[in-house]
Amino acid sequence: MIGRMGKFRALFLLGSLALILSGCGKENLTALVPKGYGSEASMNLIILTTVVMSFVFLAVIIPLVIVLLRFREKKGQEDFIPKQVEGNQTLETVWTVIPIILVIIMAVPTVIATFDLADTSEASEHININVTGNQYWWHFDYEDDGVQTSQDLYIPAGERVYLNMIAADVTHSFWVPTISGKLDVNPENVNTLYIEAYEEGVYWGKCAEFCGPSHSLMDFKVIVVSPEEYEQWLADMGNVNPDEVPGDAVAAEGKELFEEKSCMGCHAIGDSPGQVGPNLTNFGNRTTIAGILDPTKENLVDWIMDPESIKPGNLMTGKYPDLSDDEADKIAEYLLQLKETDVTPESAGN
Ligand SMILES: [Cu+2]
């Protein structure tokens with residue numbers, strides 16, 4: 014009876030697991046449909062190891078099943094003890110050498126791919142972006158072009174981009190499953206990874222190293238546009254004037270509040286000072302608020318009024334004086350009007 018219950022339970026668990034895992038294939042967040050150089054390299058390794066492991070599985074299971082069926086205890090054999098054999102040199106050699114060969118077959122391409130993706134010998138001929146991982150957001154500094162932004166990383170399709178990555182606080186890990194490999198982002202040294210996206214689109218990025226209470230909310234996007242759009246985006250972003258007063262009266266009041274209430278102390282717009290929190294230059298173009306919420310005014314007001322309830326452990330909580338709903342509303346209006354460019358995620362072919 015207990016055995017039967019156990020079987021049902023196992024079946025139920027396996028069934029639930031299959032259901033849960035079937036939800037993992039989110040569009041633009043899957044390593045199994047590669048659309049970039051690093052993810053393609055990973056996929057090739059996944060296929061290679063799966064083939065090798067399937068071969069090993071069959072090489073063990075098929076003889077095992079044959080032996081179980083052919084050499085079952087037959088009637089009248091209850092007291093029969095088969096001949097005891099030990100130490101066949103040929104067999105021992107075969108099942109030591111074959112696994113070593115299989116490990117070499119898997120290890121050599123893996124090591125080559127790993128070193129390849131971190132190879133910086135041609136970095137100076139390509140786009141370089143400095144990436145900083147923070148609890149719980151990402152900063153992107155296009156140093157050569159004097160442009161900074163956060164959370165949405167714009168890159169051109171079909172071009173190699175070198176990401177020089179460091180962490181501001183604890184270790185994070187940069188991962189955009191559909192287009193890139195994964196690399197640890199450490200506080201004490203710069204790690205470099207190059208990525209290349211084949212197609213325009215918006216790809217989901219994740220922090221892949223547990224870094225605190227809001228680790229699972231440390232999402233970002235890679236927005237892949239055409240090379241022409243990329244040049245346009247850089248030009249637009251480089252021309253931002255942080256002192257420009259919005260034409261809209263509410264937004265203009267919001268700008269004043271943004272300065273008065275010390276938001277500016279942490280958040281830069283264009284090249285204004287304030288480097289502690291995310292750079293808000295193109296905030297109105299963002300795909301999300303705080304990396305996880307839909308970019309609506311309501312969500313932005315919620316975030317400004319109580320960030321702790323949305324991203325526990327974030328640095329913004331308690332860093333500015335209390336705001337009234339009306340003040341938060343005006344600041345939100347201002348920020349959402351910071352649309353500095355027509356190159357948007359919508360133009361990225363999604
Ligand atoms: Cu992280």
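At position 218 of the sequence shown (counting the first as 1) the number is 231 in the numbering used here, and the numbers step up by one without a gap. We put the beta carbon where it would ideally sit given N, CA and C, even for glycine. Fair warning: this is a prediction, and the values are worked out from it, not measured in the lab.
Classify residue i as buried or exposed, calling it buried when 16 or more other Cβ atoms lie within 10 Å of its own Cβ.
i: Met-14; result: Any reading at Met-14 is ruled out, since the residue's pLDDT is 48, under 50, leaving its predicted position unreliable.
i: Lys-352; result: exposed
i: Thr-300; result: buried
i: Gly-89; result: exposed
i: Tyr-333; result: exposed
i: Thr-145; result: buried
i: His-280; result: buried
i: Trp-217; result: buried
i: Ala-180; result: buried
i: Glu-222; result: buried
i: Asp-132; result: exposed
From the DSSP output, in three-state form, read off residue i for me.
i: Asn-252; result: coil
i: Asn-298; result: helix
i: Gly-278; result: helix
i: Val-183; result: coil
i: Leu-82; result: helix
i: His-228; result: helix
i: Ala-210; result: strand
i: Val-174; result: strand
i: Ala-262; result: helix
i: Asp-197; result: strand
i: Lys-20; result: helix
i: Thr-191; result: coil
i: Gly-290; result: coil
i: Lys-219; result: strand
Starting from the Cα of residue i, find the closest Cα among the options and give me that residue.
i: Glu-212; options: Ser-227, Glu-53, Gly-19 and Leu-27; result: Glu-53
i: Met-119; options: Val-65, Glu-135, Lys-20 and Val-258; result: Val-65
i: Val-258; options: Ile-282, Trp-246 and Glu-241; result: Ile-282
i: Asp-232; options: Val-73, Glu-321 and His-152; result: His-152
i: Val-238; options: Glu-222, Ala-210 and Lys-310; result: Ala-210
i: Gln-245; options: Gly-331, Ala-341 and Thr-357; result: Thr-357
i: Tyr-207; options: Pro-200, Gly-194 and Leu-349; result: Gly-194
i: Gly-331; options: Lys-343, Ile-317 and Thr-63; result: Ile-317
i: Asp-182; options: Val-160, Asn-147, Ile-192 and Ile-168; result: Asn-147
i: Gly-251; options: Ser-229, Asp-158, Asp-154 and Thr-145; result: Asp-158
i: Ser-275; options: Val-289, Leu-313 and Gln-164; result: Val-289
i: Arg-173; options: Cys-220, Lys-87, Asn-141 and Asn-199; result: Asn-141
i: Gly-287; options: Gly-278, Ala-126, Glu-201 and Ile-168; result: Gly-278
i: Asp-284; options: Phe-296, Glu-311, Asp-261 and Asn-254; result: Asn-254
i: Pro-240; options: Pro-169, Asp-154, Arg-85 and Asp-256; result: Pro-169
i: Asp-154; options: Pro-47, Leu-293, Thr-354 and Pro-122; result: Leu-293
Measuring only the C-alpha atoms, how far is residue i from residue j?
i: Gly-51; j: Thr-205; result: 13 Å
i: Lys-234; j: Val-215; result: 7 Å
i: Glu-156; j: Asn-143; result: 7 Å
i: Leu-176; j: Phe-187; result: 10 Å
i: Asn-363; j: Leu-349; result: Unreliable placement is indicated for Asn-363, whose pLDDT of 48 sits below 50; the coordinate value is still reported in the next sentence. Between Asn-363 and Leu-349, the C-alpha separation is close to 21 Å.
i: Asp-197; j: His-185; result: 6 Å
i: Ser-29; j: Leu-71; result: 27 Å
i: Glu-321; j: Trp-150; result: 14 Å
i: His-228; j: Ile-323; result: 12 Å
i: Phe-25; j: Lys-96; result: 43 Å
i: Phe-68; j: Thr-62; result: 10 Å
i: Trp-108; j: Gly-100; result: 12 Å
i: Thr-106; j: Ile-114; result: 12 Å
i: Lys-219; j: Ala-23; result: 32 Å
i: Leu-313; j: Ser-163; result: 16 Å
i: Leu-32; j: Lys-39; result: 14 Å
i: Lys-310; j: Val-46; result: 34 Å
i: Thr-103; j: Ala-126; result: 35 Å
In its own chain, which residues sit with a C-beta less than 8 Å from the C-beta of residue i, not counting the 5 before and 5 after it?
i: Ala-44; result: Ser-52, Ser-55, Met-56, Ile-59, Pro-190 and Thr-191
Excluding the 5 residues flanking residue i on each side, which residues of the same chain have their C-beta closer than 7 Å to its C-beta?
i: Pro-325; result: Pro-226 and Ser-227
i: Leu-130; result: Gly-51, Ala-54, Gly-194, Leu-206 and Tyr-207
With a CB to CB cut of under 6 Å and the five nearest residues on each side skipped, what residues in its chain are close to residue i?
i: Lys-343; result: Val-263, Glu-266, Gly-267 and Leu-270
i: Leu-166; result: Phe-153 and Val-235
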